[in-house]
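K.L.:
First, the structure itself, so that you have it in front of you.
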């Protein structure tokens with residue numbers, strides 16, 4: 007019982023990390039809060055589904071194409087809409103929220119609702135960890151998340167684009183004097199965030215079905231985790247995901263499943279009271295606190 | 449030859465803003481028309497509308513109140529994505545008071561406006577210490593989470609909600625309470641924002657640190673603005689509860705958050721008139737588009753993007769400019 011709870015709590019936390027890392031990365035680099043994040047997640051899932059079922063591409067190709075497509079949409083969204091309102095928080099928030107809403111509700115309007123909209127699992131198998139059954143897909147999620155976080159760390163520490171990301175994140179004006187084009191970096195950051203949402207969708211969606219309301223859930227989870235961890239801090243996302251993931255799973259097992267939402271809500275409000283910038287939100291603390 | 453557009457205040461505007469307003473009927477009319485005509489329309493409209501469109505007019509007034517409440521917050525530097533929180537809190541307060549304690553709607557509505565507003569303010573207190581997107585994020589999350597909490601814990605009727613609540617004695621009474629509230633909010637808050645009190649709120653939005661430098665406790669002012677805005681939203685929710693005789697999970701739905709923002713964006717932020725104008729455009733439009741079903745929300749989303757990027761000043765400011773200024777092409781000096 008306890009072992010099972012712990013194993014599933016870890017998996018739950020890893021899913022939360024996957025869901026929120028892209029949102030947090032975009033915010034950390036360019037300061038854009040992408041409220042269309044959940045919509046991009048669902049968009050990528052549906053486009054994989056359509057490529058798979060209607061065009062008939064093989065599964066890996068379909069998944070790859072839809073990840074690229076989602077990243078392209080992120081880049082276009084920045085280039086054509088967000089760039090015009092850059093720096094005005096109000097307009098950025100409303101514009102991204104409007105885009106997300108339009109995408110999600112358009113899918114609902116087209117009638118993409120039902121249990122038949124699902125993606126197949128990668129490997130249909132299950133393993134025993136101690137006395138706990140875990141299916142292969144969940145292990146793939148954990149493995150791919152570890153690989154992804156590792157690759158991201160290498161990317162931002164050892165490539166020139168990655169270093170430019172960090173430069174812009176630390177001080178945009180100083181970075182500009184070193185010849186980093188902040189608009190291109192911001193385009194790439196929104197696009198990378200969208201790609202991470204698509205990757206998360208590709209590995210997580212096979213656990214269940216694709217539904218439009220999940221788009222809002224993903225956004226809520228990403229926001230909750232990012233607020234608790236501290237906006238823009240990747241370490242914060244990982245710690246906050248573990249905290250929320252374990253808290254949710256343990257209340258689910260020992261108190262009752264309907265208390266899980268209250269736990270996340272209470273966690274957000276508590277963190278805001280005690281440490282307003284989040285657990286690890288040191289980087290932007292001076293700008294955000296008043 | 450280069451030209452630039454020059455905008456000059458009309459002479460009649462300059463004169464009628466001063467004591468000369470008393471000098472001629474024409475100037476008095478110029479000054480009074482934009483205020484008197486809308487009020488007359490608001491009051492007379494219910495008399496000429498049929499039953500169905502009276503209902504629509506009720507929801508226009510409710511959304512106008514929510515949009516005004518959004519505009520108060522945005523003018524104080526807080527961008528809410530969750531007007532549904534205020535609306536739903538007011539709706540549940542009055543619903544619970546009426547259903548469990550049998551208090552009459554004449555008491556539950558004012559109590560719900562105050563208590564609901566206070567609860568929302570307390571819930572959002574922790575976010576006030578941060579600037580930027582935090583307020584938007586938390587206001588977006590809380591109503592969606594409260595919906596889940598009600599669904600899961602089955603308090604206050606759970607998914608079924610509370611139905612069969614008391615209704616106000618006559619439909620004219622509920623109509624005119626809402627219309628009066630809308631007019632009072634529109635003109636009252638316009639006046640508030642031009643007073644010194646409003647100046648502090650706008651100052652907090654523009655530069656909070658310099659307001660602090662002036663020795664003003666900005667948290668206290670933000671709390672007051674938040675309470676005013678959430679009380680207005682809660683009042684709208686409480687009224688709607690007694691009109692529909694029902695309160696349930698849909699009061700926290702995303703519609704109540706999106707439509708007010710869309711209304712302000714279309715009408716024009718920063719002047720409550722824009723919020724009301726936006727509600728008068730969008731709510732009947734969405735009734736007319738009812739056949740499209742879910743596509744309506746897609747339209748709201750597109751409206752938001754188009755107006756934020758393409759016409760950030762909104763319709764009201766455009767009209768106001770045409771009314772008070774004329775434009776001409778002038779040569780650029782060499």
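Protein chains in written order, with my numbering: chain A, 7 to 296; chain B, 449 to 782.
The beta carbon of each residue, even a glycine, is placed where N, CA and C say it ideally should be.
Go to residue 190 of chain A, then tell me how far its alpha helix (DSSP H) extends in each direction, as first and last residue.
P.N.:
188-210
K.L.:
Assign residue 637 of chain B to one of two classes, buried (16 or more other C-beta atoms within 10 Å of its C-beta) or exposed (fewer than that).
P.N.:
Looking at its Cβ environment, which holds 16 or more other Cβ atoms inside 10 Å, residue 637 of chain B is buried.
K.L.:
Is residue 103 of chain A near the ligand SAH, in the sense that its beta carbon is under 7 Å from a heavy atom of that ligand?
P.N.:
Only the bare structure without any ligand can be found here, which leaves the ligand SAH out of the picture.
K.L.:
Could you tell me which of B:667, B:613, B:767 sits nearest to residue 556 of chain B, measuring between CA atoms?
P.N.:
B:613
K.L.:
For residue 648 of chain B, I'd like the list of residues in its chain whose CB is within less than 7 Å of its CB, leaving aside the five on either flank, ordered along the chain.
P.N.:
659, 664, 669
K.L.:
Taking the straight line between their C-alpha atoms, what separation do you get for residue 538 of chain B and residue 561 of chain B?
P.N.:
6 Å
K.L.:
Closer than 8 Å, CB to CB, is residue 729 of chain B near chain A or not?
P.N.:
no
K.L.:
Rounded to a whole number of angstroms, what is the C-alpha to C-alpha distance between residue 208 of chain A and residue 69 of chain A?
P.N.:
7 Å
K.L.:
Specify, as a first and last residue, the run of the alpha helix (DSSP H) that residue 653 of chain B falls within.
P.N.:
644-654
K.L.:
Tell me whether residue 670 of chain B sits in a helix, a strand or coil according to DSSP, three-state version.
P.N.:
helix
K.L.:
Residues of chain B with CB under 9 Å from residue 178 of chain A, in chain order?
P.N.:
In chain order: nothing, as chain B lies at least about 15 Å away.
K.L.:
Where does residue 616 of chain B sit, in a helix, a strand or coil, going by DSSP?
P.N.:
coil
K.L.:
Whose C-alpha, out of A:49, A:20, A:229, is nearest the C-alpha of residue 248 of chain A?
P.N.:
A:20
K.L.:
Mind listing the chain A neighbours of residue 533 of chain B? Cutoff is C-beta to C-beta under 7 Å, in chain order.
P.N.:
By Cβ distance, chain A contributes nothing, its closest Cβ being about 12 Å from residue 533 of chain B, past 7 Å.
K.L.:
Using a Cβ-Cβ distance under 8 Å, would residue 762 of chain B count as near chain A?
P.N.:
For residue 762 of chain B, not one C-beta of chain A is nearer than 8 Å to its own C-beta.
K.L.:
Helix, strand or coil: how does DSSP classify residue 114 of chain A here?
P.N.:
helix
K.L.:
Checking contacts by CB at 8 Å: is residue 749 of chain B closer than that to chain A?
P.N.:
Interface annotation, residue 749 of chain B: in contact with chain A, CB-CB separation under 8 Å.
K.L.:
Residue 108 of chain A by DSSP, collapsed to three states: which one?
P.N.:
helix
K.L.:
For a cutoff of 8 Å on Cβ pairs, would you count residue 757 of chain B as touching chain E?
P.N.:
Here the protein chains are A and B, and chain E is not one of them.
K.L.:
So, with DSSP's three-state summary, where would you put residue 778 of chain B?
P.N.:
strand
K.L.:
Applying the 10 Å Cβ sphere with the 16-neighbour rule, what's the burial state of residue 456 of chain B?
P.N.:
exposed
K.L.:
Taking its Cβ as the centre, do 16 or more other Cβ atoms sit within 10 Å of residue 242 of chain A, making it buried, or is it exposed?
P.N.:
Around the Cβ of residue 242 of chain A, a 10 Å sphere holds 16 or more other Cβ atoms; the residue is buried.
K.L.:
State buried or exposed for residue 101 of chain A, treating a residue as buried only when at least 16 other CB atoms are found within 10 Å of its CB.
P.N.:
Classification for residue 101 of chain A: buried.
K.L.:
I'd like to confirm the pairing. Which residues does DSSP put opposite residue 694 of chain B in its beta bridges?
P.N.:
B:611
K.L.:
Less than 8 Å between CB atoms is the rule here; does residue 580 of chain B satisfy it with respect to chain A?
P.N.:
yes
K.L.:
With 16 other CB atoms within 10 Å as the buried threshold, where does residue 137 of chain A fall?
P.N.:
exposed
K.L.:
What does the Cβ neighbour count give for residue 620 of chain B, buried or exposed, with the cut at 16 atoms within 10 Å?
P.N.:
The residue in question, residue 620 of chain B, is exposed, as its Cβ has fewer than 16 Cβ neighbours within 10 Å.
K.L.:
If you follow the beta strand (DSSP E) that residue 141 of chain A is part of, which residue opens it and which one closes it?
P.N.:
138-141
K.L.:
If you count every other CB in all the chains shown that lies within 10 Å of the CB of residue 777 of chain B, and 16 or more means buried, which is it?
P.N.:
exposed
K.L.:
Going by DSSP, what residue range makes up the alpha helix (DSSP H) through residue 465 of chain B?
P.N.:
Unbroken run through residue 465 of chain B: none, as it is neither H nor E.
K.L.:
So, under 8 Å CB-CB, residue 607 of chain B and residue 697 of chain B are touching, yes? Tell me the CB distance rounded to an integer number of Å.
P.N.:
6 Å
K.L.:
Secondary structure at residue 63 of chain A, three-state DSSP: helix, strand or coil?
P.N.:
coil
K.L.:
Using a C-beta to C-beta distance shorter than 7 Å, which residues of chain B count as neighbours of residue 92 of chain A?
P.N.:
Residues of chain B passing the Cβ test: none, with the nearest at roughly 11 Å.
K.L.:
At a Cβ threshold of 8 Å, is residue 267 of chain A touching chain B?
P.N.:
Interface residue, yes.
K.L.:
So, at 6 Å on beta carbons, what are the nonlocal neighbours of residue 567 of chain B in its own chain, with the 5 sequence-adjacent residues on each side left out?
P.N.:
Excluding positions up to five away in sequence, the list reads 537.
K.L.:
Please return the same chain residues whose Cβ sits closer than 6 Å to the Cβ of residue 34 of chain A, not counting the five positions on each side in sequence.
P.N.:
175, 238
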